[in-house]
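Q: The structure's right below; bear with me while I get my questions together.
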Amino acid sequence: EEGDNLSYVSFPKNVWPQLLEIVKQEKNPHLQIGGKSIELENFYEELLALIYNIEGNDNYGEDFVKAVEVTFHEILAEETEEEFTMGQWDVFLSPYKQAVDELKIKLKGMRSQFGIRGNTSPIEFVTGRVKPLASIYDKSLEKGIPFEPSERLAEEMQDIAGLRIMCQFVDDITTVTNLIRQRDDLRV
């Protein structure tokens, strides 16, 4: 999953100068994201707590970067949810959410049919997700795409929605692919 392998490189580069400025100012912390100003009072408090908690650790630098990154992503997700999802992001992400839900139902239905017939299903389980706003933000920075719901974002960011079909055996992958190809409502 994204966010599990954190590193300095994956942390948005233009955010570091803003974070340093926030720490220096100690008042009214805001972060500029996609033309919006996000209040980061909670983040500033968390950042100070991290500084005090990690200072005695031998891996101070590495742990600090990871802790700041995790905290940033958590706060950013909360703040962007409040700031952006009311309206335009909900509308933009809604078709992705619906598609993931619909595909999961169809694939789980295919899996159930094997059990009803007394056969072992080649599909172990199905999961799906819509990329969180914090991850969309990171990737938009990486690709140089404006962080706003747009046709350009939809075209250039291929993994806004994702579906994972788990099979127990490698040969089952071909079986599942062929089953999907046989359906009129799904395409590989």
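Once you know that position 68 of the sequence shown is 68 in full-length UniProt numbering, the rest is easy, because the numbers rise by one and skip nothing. Glycine included, every Cβ here is placed at the ideal spot set by N, Cα and C.
(1) Could you tell me which whole alpha helix (DSSP H) segments of length 4 or greater appear in the stretch 91 to 160?
(2) Below 8 Å on the Cβ atoms is my guess for valine 170 versus threonine 177; work out the distance and round it to an integer in Å.
(3) Starting from the Cα of methionine 157, find the closest Cα among Lys143, Ile165, Leu163, Arg164 and give me that residue.
(4) Could you check how far apart the C-beta atoms of leucine 163 and leucine 103 are, in whole angstroms? I think they sit under 8 Å.
(5) What residues in its chain sit with their C-beta under 8 Å from that of arginine 129, if we drop five residues either side in the sequence?
(6) For the candidate residues Lys131, Gly118, Ile105, Gln113, whose alpha-carbon lies nearest to that of aspartate 90?
(7) For the alpha helix (DSSP H) containing glutamine 182, name the first residue and the last one.
A: From the atom records:
(1) Runs found: 133 to 143, 151 to 156.
(2) Numbered from 1 along the sequence shown, position 170 holds the residue referred to as residue 170. Numbered from 1 along the sequence shown, position 177 holds the residue referred to as residue 177. Contact flag wrong, Cβ pair sits at about 12 Å.
(3) In the sequence shown, residue 157 corresponds to position 157, counting from 1. The option with the nearest alpha carbon to methionine 157 is Lys143.
(4) For the purposes of this step, residue 163 is identified with residue 163 of the sequence shown, where counting begins at 1. For the purposes of this step, residue 103 is identified with residue 103 of the sequence shown, where counting begins at 1. Between the beta-carbon of leucine 163 and that of leucine 103 there is about 5 Å, and that keeps the pair under the 8 Å contact cut.
(5) Within the sequence shown, residue 129 is the residue found at index 129, counting from 1. Correct list, in chain order: Val100, Ala161, Gly162.
(6) In the sequence shown, residue 90 corresponds to position 90, counting from 1. Aspartate 90 has its Cα closest to that of Lys131, out of Lys131, Gly118, Ile105, Gln113.
(7) For this step, residue 182 is matched to residue 182 along the sequence shown. Per DSSP, glutamine 182 belongs to the alpha helix (DSSP H) from 170 to 182.
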